[in-house]
Amino acid sequence: MSRQSGQRTDMPDKWTIARYWAGSPERERFAPWLVPDRPCCFACGWFGEKWEKAATAKGRWGAARLDRAHIVPDSLGGPATADNLLLLCKRCHEDSPDWPDPEEMARWIARREERPSREMETFMAWFAAAEEVPEFKETLASLFERYGADEAARRVKGIMRAQFDQAGTHFGIGISPGTRVAILRSAAVRALDGGGACAPDAEL
Ligand SMILES: [Zn+2]
16 MSRQSGQRTD MPDKWTIARY WAGSPERERF APWLVPDRPC CFACGWFGEK
66 WEKAATAKGR WGAARLDRAH IVPDSLGGPA TADNLLLLCK RCHEDSPDWP
116 DPEEMARWIA RREERPSREM ETFMAWFAAA EEVPEFKETL ASLFERYGAD
166 EAARRVKGIM RAQFDQAGTH FGIGISPGTR VAILRSAAVR ALDGGGACAP
216 DAEL
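Right, here's the structure in full:
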């Protein structure tokens, strides 16, 4: 499977590919997670809640961060047609077989484990980071007690935003697990220093 193929414009669009597989007798083997109205990775079911904001199914599939992945690789003569293209998340695309026999892809998909949604993965990553920073959880609890849930959430968001800006300067693009821990530790200190105060423009 070509690693560059997701960017090419001479391929069918994602909605065309989704519609093809929705009507294919091979759907169960090559697109077991496919739901035509709701974009997701054919192999693991991963999806993003934000993709669903578009009004039409075509718009939703277009907004989905999924690669168009060849079943038979283009380097081995596989065509860029809907019957040879699957919509996969980046992780599945990278893990999937580059092999001339389509059966190998079907077997690989059958073994693929379900992946939680994008937003759920993000939440779980922050939850795991918070487990390593007890002072953040304590700070959060005291802010909730002092201000109530809505105001505490507003203040924490403002503080977190400021820590994100700092991480961007130091760590570049992408938030690693270690960076999440550093952001929470820094946010806990800042919240205690400033009593939870945040800049007026920090509201989300
Ligand atoms: Zn996937």
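Numbering of the sequence shown is given in this note's numbering, commencing with residue 16 and proceeding in unit increments.
Beta carbons: idealized from backbone N, C-alpha and C, even for Gly.
Item                                                                                         : Value
Nearest-angstrom Cα separation, counted from Ala79 out to Val196                             : 29 Å
Which listed residue (Arg127, Ile198, Thr137) has its alpha carbon closest to that of Lys152 : Ile198
Residue(s) in a DSSP beta bridge with Leu102                                                 : Arg83
Phe142 - containing alpha helix (DSSP H), residue span                                       : 133-146
Selected residue, minimal CA-CA separation from Leu100, among Asp165, Arg169, Ala37          : Ala37
Ala203 CB to nearest heavy atom of ligand 1 below 7 Å                                        : no
N- and C-terminal bounds of the alpha helix (DSSP H) containing Thr154                       : 149-162
Cutoff 8 Å; reference Trp30; Cβ partners in own chain excluding five residues on either side : Ala72, Lys73, Trp76, Gly77
Those residues which DSSP pairs with Val50 across a bridge                                   : Arg53
For ligand 2, residues whose Cβ lies under 5 Å from any non-hydrogen atom                    : Absent from the structure shown: ligand 2. Ligands present: ligand 1.
Contact check, Ser132 vs Phe62, beta carbons under 8 Å                                       : yes
Simplified DSSP assignment, three categories, for Ser90                                      : helix
Nearest neighbour of Glu134, chosen from Gly92, Trp66, Ala46 [CA to CA]                      : Trp66
Met120 - DSSP class collapsed to helix/strand/coil                                           : helix
Supposed contact pair Ala144 and Pro192 - C-beta distance, whole angstroms, cut 8 Å          : 6 Å
Closest by C-alpha distance to Arg130, when choosing among Cys55, Ala33, Glu119              : Cys55
For Cys59 and Ala177, the rounded distance between their alpha carbons                       : 35 Å
Spatial distance of Asp28 from Asp52 (CA atoms)                                              : 15 Å
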